[in-house]
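Notes follow the structure.
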Amino acid sequence: MGFLDFFTNLFARSGKAKSRAKKKSAKKTQAPKSAPAAKGGKKGSGDEFGVSLAKAKEKKRKKSTQVSAAPIDEKALGFSISLKGEDAQSKKREALRIRVDNLFVHVSRLNKKYPVTDISATGLGFAFEKPRVKGGVELVMTIIVDGKVAAKDVQCKVMRHERGSVGCVFVDLDRAQDDAVHAIVLRGQKEQAARKAAQKNRDFKIPE
Numbered sequence: 001m002g003f004l005d006f007f008t009n010l011f012a013r014s015g016k017a018k019s020r021a022k023k024k025s026a027k028k029t030q031a032p033k034s035a036p037a038a039k040g041g042k043k044g045s046g047d048e049f050g051v052s053l054a055k056a057k058e059k060k061r062k063k064s065t066q067v068s069a070a071p072i073d074e075k076a077l078g079f080s081i082s083l084k085g086e087d088a089q090s091k092k093r094e095a096l097r098i099r100v101d102n103l104f105v106h107v108s109r110l111n112k113k114y115p116v117t118d119i120s121a122t123g124l125g126f127a128f129e130k131p132r133v134k135g136g137v138e139l140v141m142t143i144i145v146d147g148k149v150a151a152k153d154v155q156c157k158v159m160r161h162e163r164g165s166v167g168c169v170f171v172d173l174d175r176a177q178d179d180a181v182h183a184i185v186l187r188g189q190k191e192q193a194a195r196k197a198a199q200k201n202r203d204f205k206i207p208e
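So for the sequence shown, full-length UniProt numbering puts the first residue at 1; every next one is plus one.
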């Protein structure tokens, strides 16, 4: 190899060394690329964790289902179902006291007839001033409507005596007594409706 060839090879080697050094420095200065997306559309490690966590939550989460029930057939059950509030309201309506015209009671213990101030399906009140009747006293009476006996030997228990009226509750009515009381209450309701209608007619004024 001649002198000229020696210098040519020397410069070629130095040029290759410089180009390798430049490539190494360029790789160091370049920003690191993000990891390639894995199969199935997943991204880097942080994204992979978030996606897997979301899927786990979706698996645990169950959709709520609506449940509907058919109305209860009380006839098939053989008994009725009612709420406490409804029972209280029905008892209150049933125990509504009402005034009935020409209604009296004959109290055996007092041996006298007294006008009935009000009556309901569960008890009645009769006008009596003195002497004062204590609560808890039991009385036996006969209910009289329009001068005719409607029910005999009706047992009652005194609950109060105030403002000239003795309030009693019925005790162990038999079938005939219970039917008589309900018939009297029904009559009182009709009389009350007639009184309200008459009052409405009296209050009505023809517009001028």
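Where is the CB? At the ideal position from N, CA and C, for every residue including glycine.
Values in this document were obtained by computation on a predicted structure and should not be read as measured data.
Straight across, the Cα-Cα distance linking Ser108 with Glu191 is about 29 Å. Around the beta carbon of Val185, 16 or more other beta carbons sit within 10 angstroms, so the residue counts as buried. Judged by their CB atoms, Phe126 and Thr117 are nearer to each other than the 8 Å cut-off.
Where Arg202 is concerned, there is no enclosing beta strand (DSSP E), although the alpha helix (DSSP H) around it starts and stops at Arg175 to Asp203. Rounded to the nearest whole angstrom, the CA to CA distance from Arg97 to Leu173 is 18 Å. Within its own chain, the residues whose Cβ lies closer than 8 Å to the Cβ of Lys134, once the five positions on either side in sequence are excluded, are Val158 and His161, listed in chain order.
In the three-state reduction of the DSSP assignment, Gly136 falls in the coil class, being assigned neither a helical nor a strand state. Under the three-state reduction of DSSP output, Asp146 falls in the coil class, being neither helix nor strand.
According to the DSSP assignment, Lys113 belongs to the beta strand (DSSP E) that extends over Lys112 to Ile119.
Of all alpha-carbon atoms in Val140, Arg132, Arg187 and Ala183, the one lying nearest the alpha-carbon of His106 is that of Val140. Per DSSP, the continuous beta strand (DSSP E) segment holding Val169 begins and ends at Ser165 to Phe170. Within the same chain, and ignoring the five residues on either side of Cys156 in sequence, the residues whose Cβ sits closer than 8 Å to its Cβ are Gly123, Leu124, Glu138, Leu139, Val140, Met141, Cys168, Val169, Phe170 and Val171. Apart from sequence neighbours up to five positions away, the residues of its chain that approach Ala151 with a beta-carbon distance below 6 Å are Ile143, Gln177 and Ala180, ordered along the chain. Here the alpha carbon of Gly188 sits roughly 5 Å from the alpha carbon of Val100. For Lys130, the secondary structure class from DSSP, reduced to helix, strand or coil, is coil. Per DSSP, the unbroken beta strand (DSSP E) holding Leu103 starts and ends at Leu103 to Val107.
Distance between Ala197 and Phe204, taken at the CA atoms: about 11 Å. In the displayed model, Arg99 falls within coil according to three-state DSSP, outside both helix and strand.
The closest CA to that of Val154, considering only Pro131, Arg175 and Arg132, is found on Arg175. A check of alpha carbon separations from Gly136 across Asp146, Lys112 and Val166 identifies Val166 as the nearest.
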